[in-house]
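*Asks:* When you number the sequence shown by numbering that gives the first Met the number 0, it's gap-free, plus one each residue, and the end is 98. Can you read through this structure? Questions will come right after.
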Amino acid sequence: MICAKCGEPKAHRSHSRGVLDWFYKRFQMIPYRCRACKARFYTYRSGATSGLRTSEERKIIELRRRLKWKNSKKVVAVYSVAAVIAAAILFYVVTRPPE
Ligand SMILES: [Zn+2]
0 MICAKCGEPK AHRSHSRGVL DWFYKRFQMI PYRCRACKAR FYTYRSGATS GLRTSEERKI
60 IELRRRLKWK NSKKVVAVYS VAAVIAAAIL FYVVTRPPE
């Protein structure tokens, strides 16, 4: 992470503490601390487009997003198949001729 104050790529995640951190977290913003100038600043959790991300970080964020989407597609496919099977069973039960 690139420092918002001095521009060095030496910022790291900072521990959350206090009401202000809690407040920022509601808006998906997390605190970072710079090892070079000791400045503390906030940035969006998954802000790949924020100019403060190094190219490696952007790559990692992009990869995580792709994997997350891939998993979501799998879940949607499984639920679709289950819904079709449930509909088929329901159709069979409803249209069964009375004995
Ligand atoms: Zn700094």
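Note that CB positions come from ideal geometry on N, CA and C, so glycine has one too.
Whole angstroms are fine: how far does the CA of Arg16 sit from the CA of Lys73?
*Replies:* The alpha-carbon atoms of Lys73 and Arg16 are separated by roughly 37 Å.
*Asks:* Three or more C-beta pairs closer than 8 Å, one from the stretch 2-11 and one from the stretch 27-42: is that the case here?
*Replies:* The stretch 2-11, when compared against the stretch 27-42, does touch it at the 8 Å Cβ threshold.
*Asks:* Between which residues of its own chain and His14 is the CB-CB distance below 8 Å, once the five residues before and five after are set aside?
*Replies:* Around His14: Pro30.
*Asks:* How far does the beta strand (DSSP E) with Arg32 in it extend, from its first residue to its last?
*Replies:* Looking at the DSSP string, the run of the beta strand (DSSP E) that includes Arg32 is 28-33.
*Asks:* I'd like to confirm something about Lys24: is its beta-carbon nearer than 7 Å to some heavy atom of ligand 1, or not?
*Replies:* Flag unset: Cβ of Lys24 not near ligand 1.
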